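These protein sequence lines map, in sequence, to chains A and B. Mapping of the first sequence onto this note's numbering: residues 2 to 515, in sequence order. Mapping of the second sequence onto this note's numbering: residues 3 to 179, in sequence order. Idealized CB from N, CA, C, for every residue including glycine. Model, not experiment: these values are computed from the prediction. Notes follow once the structure below has been shown.
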Amino acid sequence: MNLESLISAQLDGVITPEQHAQLEGLLRHDWQARRIYLEMADQHSRLLQQMELNAGRMDAAVTPQRRWLQVATFFVPLAVTLLGVALWPRGSVIEEGTADGVATLSTTLDAQFADGSSLRSGDTLAPGIVRLKKGLAQVEFFSGASALVEGDAEIEIISAWEARCLRGRVRLHVPPAAKGFVMHAPDVKLEDLGTEFALNVRDGASRVHVFDGEVIAHTSDRAPSSLTRGMSFTSRSDEPAVSPEEFLAISDLTAQTSQIKASRHAAWRKWAGSQQADPRLVARYLFERHPDDRWDRLVANDAEPQQRSRAGGAVGARWTEGRWPGKQALEFKRPGDRVRLLIDGHFTAITFACWVKVDSVDKNYNALLLTDGYDNGEPHWQIYEDGSLMFSITYRPDGVASGGSWNQKYFSKPVFRADSLGRWHHIAVSYDSQSGEVVHYFDGHEVGREVSKLHRPGRAIVFGPCELGNWGLPTTGHQFPIRNLNGAIDEFAIYSSVLGPAEVRSIYEPGRAE
Amino acid sequence: MHDSSPQQAEQLVLLLTQHQESLFRYIFSLVPCEADARDVLQETSVALYRKCDQYDATRPFLPWAYRFAYLQVQKHREQSARAPLLFSEDVMDLLASERKHLESHLNERLQVLDGCLQKLSVQDKELVTRRYALRDSAETMMQRFGMSRRTLFRNLELLRARLHDCVTRQLQLPRLS
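What follows is the structure in C-alpha cells.
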C-alpha cells in the first residue's frame, strides 16, 4: 500500500497491525512522508471539529441528526465544571510564530547577499529568492538535495523539492532520498534522478554538465532527454560547449572554509589571551581541554592573576567540538550533567558573558549559571521555557520564612527560537546592585533592559557553590527542580562590574563562529 | 507556589476554549484516533487547569500547552502500551518536533480548506457530511451509497487526496502568476 492509502486507513481506523508497522516505518525514515502525514492528519482533525460546528453548512441536502450535538459540545461540560460558564470558540485559527523553512544555508564563504540581507550560515530559508552578490553559499534543502551557489547568482527556493536558477552558477548534489528534485532554469526544467550536476545560467541561456548519475532535461521544443555522467546540455544551440572546469568543486568550499575557521579560531585565541588580565574578571572559563589533566574533568579558570580555587569541575558533561574544529566545548545533555564552581566574595555589580549552543529549550527553566539553592543576593541566570533569557536575584527580609514576593525576575524578549537553536550564540547579562538595572544581550545586541519594582539599592551579590548548566541544590519542594541545559557551552566569563553595550559587542565580535 | 486565583482559572478556561481546536489538532497528529485524542485532550485540559498558576500571560499559550499535551500523550501511550496501533516514541518525537516547524504552514492550509470543500462534487460533499458531520458508521454509509466496504474506504481516501491536492494548489497559485 502506498503512503496515502496507509494514512487514510489510519484515519478511518481500519488499519491492520502490518499496515501500521509499514506506515510507521515510512514516517520514521522519510521527512516528506511525515509532512504529508501531518498535513493529512491536520486536515482530518479540522474536518472532525469543524463539520460538527457547521453541520449542515455543506450544500448537500442532508439534515444533521441531533445526536451529533453531543460531540459538538464535548468541551463545554469541562468549562462548566471548572467555572460554571459555558464558552465556545468562534473559530479563527490563531497563528503562533513558527519557522516555515524549506532549506538551510549550511556553509558560506565570503558571502555577500543583496538587499542588505543579513543571511548567515545556519539560517533557515523560507521559499523566496536568494541573491548572492559574491562569495559562495551552500544551500541544503530539507529534501536532502544540496546546492553550492557561486556569486553573482540569483536562486529562487520554491520548496524542499524545487528551486529555480535565475542567474549564475550552481552545483547540485542530489542523494537517493531526494531523487526527483527539480531545478528550473531558463528554457529547461531539470529533473534529478540522484546525481551531481552543475548549471550555469548566463544571459538567459542555460548550460548543464552532469558529473555523475542521471538528469532528465525537459524543454518545450524537444522531447525529454536523459543526461548521464560526462554529458552536457545547452539550451541554445549557439552557445559554446560546456566544460566541467567552469564549475567549482565542493571540495574547494570545504577546504577554504576550514582554513577560514582555523584562522578565526586563532584570532579569537589571541584576543582571549589579551583579555586574560582584565581586573574585572572574577573568573573566565575558555573550555579548552587541559592536556595535563588525566581525569579530564578540569574546567580551568584562565583569568590572571591565577585563582585556582575558582577552577570548575565537570560532572557528567562530555567534551565536544566548540565554535571551530579544534576548539572544545562541554556538552550538557543528561539531568546529571553540570560544571561545579565555587565563587567567593561579595560584589556590587556583575556581568555574565557566555558562548552557548542551545539544542532545545525543553524545560520550564534551563540552567546557565545557578547558585546552589537560592539564598539572598544569589544570582540565577537561565533560559525560560519560551526561549527568553531570565535573570533573577532574591532578597528575603530577615525573619520572613516563606510567602511574599521577593524574587526580582528580569526577562529578555524570546531569543532562542527554532531558527536560533543548534548554533553558537553569545549571550550576556549585566546587573548593577545600585541602579538595579539588568540588561540582556544576544549576539551583541541588547534584548532587554529593566529595573525590578522590588529593587532596593546597595544589596550585595554573592555566589558560593554554584553550577553551569544545572541547578545543584534545588530549593526544597520546588516544582521545577530539573533544569539541566540541553546544549553546549564553550566560553563563560564572570565580571565584577557592568559591561556596557559596546564592551559586550567587543566580546561578541572576535568570538563569532564565522 | 501560590494557589491559583479565580482570575487565573478564568483566564485559563478562556485560553483553553480559544485554543482547543489547535490543541486537538496537535494531539490528534500524535494519537490519530478520535476517541483517544479526545481523552487525551480532556486530560490535558485538566492538567493545564491544575497548573494554571504557572502560566505567564505575557507568553504565548500554545507552546506551553503543547508541552502538557505531549506529556499526556506519552502517559496515554504507556497506559495502552499493549495496543499495537500507537506510534512508537521515536516516531512521535519526530512528528511532534516537525509539527512545530510546520505549524504556520498547517494553519495556512486550513485557511484555504473551506474554499476547497465548496469546490467538491455533490457526491463528495455528501460523503464529507456523512463521514465528518454526521459521523455515520461505515455500515450506514455502505448502505446509503450502495457501496462495498472496499469502495467506500477507497472513496474516502480519494476525497482526502482531492482536498489535500486542492489546498496545495491554492497555496501555490500566487507563485505561478
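So residue 441 of chain A contacts chain B; which residues on that side make the cut at Cβ distance below 8 Å? Here the premise fails: no neighbours, minimum Cβ distance about 15 Å.
Going by C-alpha distance, which of B/46, B/139 and B/147 is nearest residue 124 of chain B? B/147
Whole angstroms is fine: what's the gap from residue 112 of chain A's alpha carbon to residue 143 of chain A's? 21 Å
Do we get a CB-CB distance below 8 Å when we pair residue 131 of chain A with the residues of chain B? no
Just to confirm before moving on: does the CB-CB distance between residue 368 of chain A and residue 471 of chain A stay below 8 Å? yes
Does the distance from the C-beta atom of residue 115 of chain B to that of residue 42 of chain B stay below 8 Å? no
How far does the alpha helix (DSSP H) with residue 16 of chain A in it extend, from its first residue to its last? Per DSSP, residue 16 of chain A belongs to no alpha helix (DSSP H) and is neither H nor E.
Nonlocal neighbours in the same chain, by C-beta distance under 8 Å from residue 55 of chain A, ignoring five residues either side: Bear in mind that the predicted position of residue 55 of chain A carries a pLDDT of just 49, short of 50, making it unreliable; the figure below should be weighed with that in mind. Within the same chain, residue 55 of chain A has no close Cβ partners at all.
Looking at the structure shown, is residue 157 of chain B part of a helix, part of a strand, or coil, going by DSSP? helix
Rounded to whole angstroms, how far is the Cβ of residue 491 of chain A from the Cβ of residue 324 of chain A, which I believe are closer than 8 Å? 6 Å
For residue 162 of chain B, count neighbouring C-beta atoms within 10 Å of its own C-beta (all shown protein chains included) and say buried if the count is 16 or more, exposed if not. buried
Taking the alpha-carbon of residue 297 of chain A as reference, which of A/274, A/248 and A/317 has the nearest alpha-carbon? A/317
Which residues bound the alpha helix (DSSP H) around residue 396 of chain A? It is not in any alpha helix (DSSP H) - residue 396 of chain A carries neither H nor E in the DSSP assignment.
Contacts around residue 190 of chain A, its chain only, beta-carbon distance under 7 Å, and the 5 residues preceding and following it disregarded: 183 and 219
Chain A partners of residue 114 of chain B, CB-CB under 9 Å? Chain A residues near residue 114 of chain B: none, gap ~11 Å exceeds 9 Å.
For the region 326-356 of chain A, list every residue whose C-beta sits within 8 Å of some C-beta in chain B, in sequence order. none
For chain B, is any of its Cβ atoms less than 8 Å away from the one on residue 497 of chain A? no
Pairwise C-alpha distance: residue 100 of chain B and residue 37 of chain A: 12 Å
Per DSSP, what are the beta-bridge partners of residue 477 of chain A in this structure? Answer is none; residue 477 of chain A lacks a bridge partner.
Short of 8 Å Cβ to Cβ, which residues in the region 28-42 of chain B face chain A? 30, 31, 34, 35, 36, 39 and 40
Contact list for residue 100 of chain B against chain A, beta-carbon separation under 9 Å: 32, 35, 36 and 39
Check whether the Cβ atoms of residue 154 of chain B and residue 143 of chain B lie closer than 8 Å to each other. yes
For residue 45 of chain B, which residues of its own chain have a beta-carbon under 7 Å away from its beta-carbon, when the five flanking residues on both sides are left out? 74
Name the DSSP beta bridge partners of residue 207 of chain A, please? A/202
Tell me whether the region 243-257 of chain A and the region 460-479 of chain A touch, counting them as touching only if at least three CB pairs, one residue from each stretch, are closer than 8 Å. no
Ranges of the beta strand (DSSP E) found wholly within the region 381-449 of chain A, counting only runs of at least 3: 389-395, 408-415, 425-433 and 438-443
I want to verify the contact list: residues of chain A whose CB lies under 7 Å from the CB of residue 78 of chain B, in sequence order. By Cβ distance, chain A contributes nothing, its closest Cβ being about 16 Å from residue 78 of chain B, past 7 Å.
Is residue 37 of chain B helix, strand or coil when you go by DSSP? helix
Residue range of the unbroken alpha helix (DSSP H) whose run includes residue 118 of chain B: 91-120
Proximal residues, the region 85-97 of chain B versus chain A, C-beta separation under 8 Å: 86, 87, 89, 90, 92, 93, 96 and 97
Chain B within 8 Å of residue 280 of chain A, Cβ atoms only: no
So that I know if they touch, is there some Cβ in chain A lying closer than 8 Å to that of residue 147 of chain B? no
Can you give me the Cβ contacts of residue 98 of chain A inside the same chain, cut-off strictly under 6 Å, excluding the 5 residues immediately before and after it? Because residue 98 of chain A sits at a pLDDT of 35, beneath the cut-off of 50, its placement in the model cannot be relied upon, and the following sentence gives the value as read from the coordinates. Correct list: empty, nothing qualifies.
Limits of the unbroken beta strand (DSSP E) element including residue 109 of chain A: 104-114
Going by CA-CA distance only, name the one from A/44, A/170, A/428 and A/372 that's closest to residue 137 of chain A. A/170
Per-residue contacts from residue 45 of chain B into chain A (C-beta, under 7 Å): By Cβ distance, chain A contributes nothing, its closest Cβ being about 11 Å from residue 45 of chain B, past 7 Å.
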